[in-house]
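**Student:** Residue numbers (this note's numbering): 193 to 604.
Heads up, the beta-carbon is just placed ideally off N, CA and C, and yes, glycines get one too.
Remember, predicted model here, so these are calculated numbers, not experimental data.
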RNA sequence: GGGAGAAUACCCAAGUGGCCAAAGGGGGCAGACUGUAAAUCUGUUGUCAGUGACUUCGGUGGUUCGAAUCCGCUUUCUCCCA
């Protein structure tokens with residue numbers, strides 16, 4: 193019996209949204225050695241969970257014997273993709289973009305094996321920055337029909353609100369990227385989020401015209417909740433893969449708290465848990481789903497932060513939600529012992545720990561009984577911390593039901 | 001290039017001289033109920049200080065005892081005409 197076609201694997205796990213010629217893709221994927229690429233826009237200094245799905249696809253493909261190219265948009269990042277966006281994207285400086293590109297490279301290594309050219313990482317700034325405008329519009333621009341571009345769904349929204357020429361060029365540049373990668377690395381396929389469909393088709397078209405060669409495209413579903421909103425967003429912003437930006441414990445908790453309706457989808461997209469096991473979780477009803485959620489949180493955390501961290505998070509979560517617990521991967525704030533003598537308001541600590549955006553917010557929380565010191569609700573605005581609140585120089589500060597923060601005491 | 005209109009808090013959106021820190025909705029946060037879920041209900045949602053002060057309605061300069069609201073200039077955006 194042959195090994196399962198990677199296309200079917202991806203399809204079964206629910207990654208695939210749209211494809212060009214499906215038969216051709218299945219056929220090509222059945223033979224290893226396909227080079228494909230996915231673009232990343234370096235608009236932040238860390239990847240977030242939205243990128244994570246993309247990285248999972250790359251990982252699956254790589255394990256099936258294909259070669260991924262992670263294309264970092266150092267060049268296109270200076271323009272900003274208008275697809276599906278309702279407003280003009282902020283233009284970033286070259287320095288910031290370069291910094292972000294470097295950070296991305298580090299983070300991608302957690303899932304993608306870059307050794308011995310098993311995967312490549314390229315930056316389109318390398319070929320876009322030096323482009324000659326006249327040559328470019330003569331060679332590439334001549335291949336595009338403005339009528340068709342305007343008809344594309346992704347531009348429609350912007351067409352009504354206004355679209356600058358700068359952004360309008362994005363599609364050409366992305367198409368050019370594909371051509372460039374095809375020529376230099378024999379890259380035959382581009383993958384991307386479903387919002388990239390138009391841009392991907394543009395590249396395929398361009399290669400057909402310039403090289404008379406059929407290449408492939410495939411998009412996968414964006415990670416959304418069952419209610420249709422984008423996943424990975426919290427009130428504080430995105431859920432980042434960088435432990436400095438999103439503490440592992442918070443990361444774990446994010447997945448532990450996904451809605452019932454989203455658990456199975458997430459298990460399929462964000463973990464390597466085998467399908468038979470996932471199907472079993474799918475049978476679970478009601479509270480039983482908590483088992484699946486715990487598994488999801490553990491597996492995702494393990495991939496991103498390593499097994500050790502995942503274990504720690506898991507133990508701590510279990511401890512915290514069934515009695516007092518301790519946590520090494522919780523966000524932490526350190527106080528000096530000497531500070532206690534002069535009286536430290538709980539309010540002060542909340543502010544220090546950045547659990548509240550303002551002191552007024554802290555007052556509100558205390559008034560409503562939403563702040564707890566070691567599981568005891570704080571009732572008085574003026575409550576201070578004393579040495580008694582600390583056990584082995586550590587105490588747990590809690591906001592609401594699920595936001596935990598560790599406060600340490602130091603001798604200094 | 002000519003003309004018309006708009007800019008309000010996280011988002012949408014009321015407010016056209018004092019009763020406006022600014023309606024309503026969404027979102028957020030907290031409480032109750034739960035399964036660390038959803039739905040529902042309640043409270044809350046500028047800042048600093050405890051019953052008051054300060055900053056805010058694109059920017060700026062005026063008028064006025066008093067401005068988000070009136071006037072001048074300016075910036076940005078949208079629409080119509082070229």
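Given a threshold of 16 other Cβ atoms within 10 Å of its Cβ, counted over all protein chains shown, does residue 357 qualify as buried or as exposed?
**Tutor:** The sequence position of residue 357 within the first chain is 165, counting from 1. The residue in question, residue 357, is exposed, as its Cβ has fewer than 16 Cβ neighbours within 10 Å.
**Student:** Check whether the stretch 254-272 touches the stretch 394-405, counting contact only when three or more Cβ pairs, one atom from each stretch, lie closer than 8 Å.
**Tutor:** Flag = no, the stretch 254-272 and the stretch 394-405 do not touch.
**Student:** Please return the same chain residues whose Cβ sits closer than 6 Å to the Cβ of residue 542, not counting the five positions on each side in sequence.
**Tutor:** Position 350 of the first chain, counted from the first residue, corresponds to residue 542. Closer than 6 Å at the Cβ level, and outside the excluded window around residue 542, lie 548 and 554.
**Student:** Name the two residues that bound the continuous beta strand (DSSP E) containing residue 602.
**Tutor:** Position 410 of the first chain, counted from the first residue, corresponds to residue 602. Unbroken beta strand (DSSP E) run through residue 602: 595-602.
**Student:** Would you mind giving the Cβ-Cβ distance between residue 410 and residue 383, rounded to the nearest angstrom? I have them listed as a contact below 8 Å.
**Tutor:** Here residue 410 refers to the residue found at position 218 of the first chain. Here residue 383 refers to the residue found at position 191 of the first chain. Indeed they touch by this definition, with Cβ atoms about 5 Å apart.
**Student:** Select from 200, 204 and 196 the residue whose C-alpha is nearest the C-alpha of residue 470.
**Tutor:** Position 278 of the first chain, counting from 1, holds the residue named residue 470. Of the listed residues, the one whose Cα sits closest to residue 470 is 204.
**Student:** Using a Cβ-Cβ cut-off of 7 Å (strictly less than) and excluding sequence neighbours within five positions of residue 544, which residues of its own chain qualify?
**Tutor:** Along the first chain, read from residue 1 onward, the residue named residue 544 stands at position 352. If we look at residue 544 and ignore the five residues flanking it on each side, its Cβ neighbours are 525.
**Student:** Which runs of the beta strand (DSSP E), 3 residues or longer, sit entirely within the stretch 503-560?
**Tutor:** With a minimum length of 3 residues, the continuous beta strand (DSSP E) runs that stay inside the stretch 503-560 are 524-528.
**Student:** Measuring CB atoms only, is the stretch 388-397 touching the stretch 234-242, in the sense that at least three cross pairs come out at less than 8 Å?
**Tutor:** Taking 8 Å as the limit for Cβ pairs, the verdict is that the stretch 234-242 does not touch the stretch 388-397.
**Student:** Output the residue ranges of the beta strand (DSSP E) runs that lie fully inside the stretch 276-341 and measure 3 residues or longer, sorted by chain position.
**Tutor:** 312-315, all fully within the stretch 276-341.
**Student:** Using a threshold of 9 Å, state whether the C-beta atoms of residue 506 and residue 493 are closer than that.
**Tutor:** By one-based count along the first chain, residue 506 stands at place 314. By one-based count along the first chain, residue 493 stands at place 301. Yes. Within cutoff.
**Student:** Measure the Cβ-Cβ separation of residue 247 and residue 198 and say whether it is below 9 Å.
**Tutor:** Along the first chain, one-based indexing puts residue 247 at 55. Along the first chain, one-based indexing puts residue 198 at 6. Their beta carbons are not under 9 Å apart, which means residue 247 does not touch residue 198 by this criterion.
**Student:** On the CB-based measure, 16 or more other CB atoms within 10 Å of its CB, does residue 255 come out buried or exposed?
**Tutor:** For this step, residue 255 is matched to residue 63 along the first chain. Exposed: under 16 other Cβ atoms inside 10 Å.
**Student:** Alpha carbons only, please: which of 361, 331 and 319 is nearest the one belonging to residue 338?
**Tutor:** Residue 338 sits at position 146 when you count from the first residue of the first chain. Nearest option by C-alpha distance: 361.
**Student:** DSSP state of residue 475, grouped into three classes?
**Tutor:** Mapped onto the first chain, residue 475 falls at position 283. Helix.
**Student:** Tell me the DSSP secondary structure of residue 563 in three-state form.
**Tutor:** As a first step, residue 563 must be located in the first chain, where it is residue number 371. DSSP places residue 563 in strand when its eight states are reduced to three.
**Student:** Keeping to the same chain, check which residues put their C-beta closer than 7 Å to that of residue 566; ignore five residues upstream and five downstream.
**Tutor:** The count along the first chain starts at 1 and reaches residue 566 at position 374. Excluding sequence neighbours, residue 566 sits near 516, 581, 587 and 588.
**Student:** May I have the straight-line CA-CA distance separating residue 213 from residue 308, to the nearest angstrom?
**Tutor:** The residue you call residue 213 lines up with position 21 of the first chain. The residue you call residue 308 lines up with position 116 of the first chain. Computed Cα separation, rounded: 31 Å.
**Student:** Where do the ends of the beta strand (DSSP E) carrying residue 264 lie?
**Tutor:** Working through the first chain from its first residue, we reach residue 264 at position 72. First-last of the beta strand (DSSP E) with residue 264: 259-264.
**Student:** Could you have a look at residue 497 and say whether DSSP puts it in helix, strand or coil?
**Tutor:** Residue mapping note: residue 497 aligns to position 305 of the first chain, counting from 1. Correct three-state label for residue 497: helix.
**Student:** Would you grab the beta carbon distance between residue 599 and residue 527 for me? Rounded to a whole angstrom, and I think it's under 8 Å.
**Tutor:** Along the first chain, read from residue 1 onward, the residue named residue 599 stands at position 407. Along the first chain, read from residue 1 onward, the residue named residue 527 stands at position 335. Indeed, because the Cβ distance is near 6 Å, the residues count as touching under 8 Å.
**Student:** From the DSSP secondary-structure annotation, give me the bridge partner or partners of residue 228.
**Tutor:** Position 36 of the first chain, counting from 1, holds the residue named residue 228. According to DSSP, residue 228 bridges with 260 and 381.
**Student:** Check whether the Cβ atoms of residue 447 and residue 414 sit closer than 9 Å, and answer yes or no.
**Tutor:** Translated into the one-based positions of the first chain, residue 447 becomes position 255. Translated into the one-based positions of the first chain, residue 414 becomes position 222. Contact: no.
**Student:** If we ignore side chains and look at the alpha-carbon of each, how far apart do residue 396 and residue 336 end up?
**Tutor:** Against the first chain, residue 396 aligns to sequence position 204. Against the first chain, residue 336 aligns to sequence position 144. So the two alpha carbons sit approximately 12 Å from each other.
**Student:** How is residue 412 classed by DSSP in three states: helix, strand or coil?
**Tutor:** In the first chain, residue 412 corresponds to position 220, counting from 1. DSSP places residue 412 in strand when its eight states are reduced to three.
**Student:** Considering only DSSP beta bridges, list what residue 220 is partnered with.
**Tutor:** Locating residue 220 in the first chain gives position 28, counting from the first residue. Residue 220 pairs with nothing; no bridge assigned.
**Student:** Let me know if residue 584 comes out buried or exposed under the rule of 16 or more other beta-carbons within 10 Å of its beta-carbon.
**Tutor:** By one-based count along the first chain, residue 584 stands at place 392. Classification for residue 584: exposed.
**Student:** Does the Cβ of residue 228 have 16 or more other Cβ atoms within 10 Å, making it buried, or fewer, making it exposed?
**Tutor:** Residue 228 sits at position 36 when you count from the first residue of the first chain. Buried is the call here.
**Student:** Kindly list the residues whose CB is nearer than 8 Å to the CB of residue 467, restricted to its own chain and excluding five residues on each side of it in sequence; keep chain order.
**Tutor:** Numbered from its first residue, the first chain carries residue 467 at position 275. Same-chain partners within the cutoff: 204, 205 and 460.
**Student:** Pop quiz: residue 267 and residue 324 are said to be a contact at Cβ under 8 Å. What is the actual Cβ separation, rounded to whole angstroms?
**Tutor:** Locating residue 267 in the first chain gives position 75, counting from the first residue. Locating residue 324 in the first chain gives position 132, counting from the first residue. In fact, because the Cβ distance is near 14 Å, the residues do not count as touching under 8 Å.
**Student:** What's the gap between the Cα of residue 592 and the Cα of residue 538?
**Tutor:** Locating residue 592 in the first chain gives position 400, counting from the first residue. Locating residue 538 in the first chain gives position 346, counting from the first residue. Distance between the alpha carbons of residue 592 and residue 538 is about 15 Å.
**Student:** Measuring only the C-alpha atoms, how far is residue 597 from residue 522?
**Tutor:** The sequence position of residue 597 within the first chain is 405, counting from 1. The sequence position of residue 522 within the first chain is 330, counting from 1. Using only the alpha carbons, I get a separation of about 6 Å.
**Student:** Does residue 366 come out as helix, strand or coil in the three-state DSSP assignment?
**Tutor:** On the first chain, residue 366 is found 174 positions in, with the first residue counted as 1. Of the three classes helix, strand and coil, the one that applies to residue 366 here is helix, per DSSP.
**Student:** Hey, residue 366 and residue 474: beta-carbon distance below 9 Å or not?
**Tutor:** Against the first chain, residue 366 aligns to sequence position 174. Against the first chain, residue 474 aligns to sequence position 282. In this structure, residue 474 does not lie closer than 9 Å to residue 366 by Cβ.
**Student:** Tell me whether residue 210 sits in a helix, a strand or coil according to DSSP, three-state version.
**Tutor:** Translated into the one-based positions of the first chain, residue 210 becomes position 18. Residue 210: strand per DSSP, three-state reduction.
**Student:** Use the C-beta contact count for residue 279: other C-beta atoms within 10 angstroms, 16 or more gives buried, fewer gives exposed.
**Tutor:** As a first step, residue 279 must be located in the first chain, where it is residue number 87. The pLDDT assigned to residue 279 is 43, lower than 50, so where the model puts this residue is not dependable; a value taken from the coordinates is nonetheless given after this. The residue in question, residue 279, is exposed, as its Cβ has fewer than 16 Cβ neighbours within 10 Å.
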